[in-house]
Amino acid sequence: MAISVATRLLLLLAAAVALTAPVSAWRRPMRVTVYVQEYLGNGSETTEKVLVRGPGPVNYHRNIYPPNNFFGDTLVMDDLVTESLDNTSAPVGRVYGTYMLSSMSRPVYVVSFTLQLTTGRYNGSTIVMGGIDERLAVVDHAVIGGTGAFLGAQGHVLSKLVHAYSPTHVVMKLDVYASVPVPWTQAEKEAPTSPFIIDH
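As numbered in mature numbering (1 follows the signal peptide of the UniProt record, and there is no 0), residues -25 to -1, 1 to 175 make up the sequence shown, in order.
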């Protein structure tokens, strides 16, 4: 018996719902807001330094500042993370990572960084993020993973400059919007596996 077009559409819709509905049921949202204290320049407090001097050419875009304006310039960061804007507020972790000037003419950096939390309910957990920074007012990066409480994290992080104590000390606000898999119950962990699947 032939299936009508309307019936086929209903079956496709039902299949789509069946495939997408459980996703939210198997994940739970995670929300984190922290402040990154960036110390720039060449002073003793500097937390961001040149790792590799790029081969050039020089990028003359107005939002790229010398001397780190050579195509390929790569900087490494080890920034203090605090619970509030105030640089004397309680430390909650560090941000480790790199960013590289990846355009010869535009303000485009490829960034890769990890937020390590060192206190509170997420002590010892990490959030791994990456993407590009085009020197916009608000920068959107992908959350591509994590450890501890953020194991299997997916989502994105919004970062923006919120305060400048001086030309060499600025504060970035990180708003993390992520989700993580719902932890397995003990019964699920102990359930027999298929003989065709071997867990290592």
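Ideal placement from N, C-alpha and C gives every residue a C-beta, glycine not left out.
None of these values were measured; they are calculated from a predicted model.
When DSSP labels each residue in this structure, what does residue i get in the three-state scheme?
i, result
"Tyr10", "strand"
"Phe88", "strand"
"Ala128", "coil"
"Tyr140", "strand"
"Gly68", "strand"
"Arg96", "helix"
"Ala(-1)", "helix"
"Gly120", "strand"
Please report the Cβ distance between residue i and residue j, rounded to the nearest whole angstrom; I am assuming they are in contact, meaning their Cβ atoms lie under 8 Å.
i, j, result
"Leu50", "Tyr74", "6 Å"
"Val146", "Val137", "5 Å"
Can the beta-carbon of residue i be found less than 8 Å from the beta-carbon of residue j?
i, j, result
"Lys148", "Ala112", "no"
"Val33", "Asp54", "no"
"Ala117", "Gly106", "yes"
"Asn43", "Gln12", "no"
"Val151", "Val67", "no"
Out of the options, which has the shortest C-alpha to C-alpha gap to residue i?
i, options, result
"Ile119", "Tyr97, Glu109 and His131", "His131"
"Met52", "Pro82, Pro41, Ala65 and Gln91", "Gln91"
"Ser80", "His144, Phe46 and Val56", "Phe46"
"Pro30", "Gly18, Val85, Gly72 and Ser77", "Ser77"
"Thr94", "Ala65, Asp115 and Tyr84", "Ala65"
Measure the alpha-carbon distance for residue i versus residue j and round it to whole angstroms.
i, j, result
"Asp108", "Trp1", "32 Å"
"Ser100", "Gly121", "7 Å"
"Val155", "Tyr14", "32 Å"
"Gly110", "His144", "The residue asked about is misnamed: residue 110 is Arg in this sequence, not Gly. C-alpha separation (whole angstroms): 17 Å."
"Gly123", "Tyr97", "8 Å"
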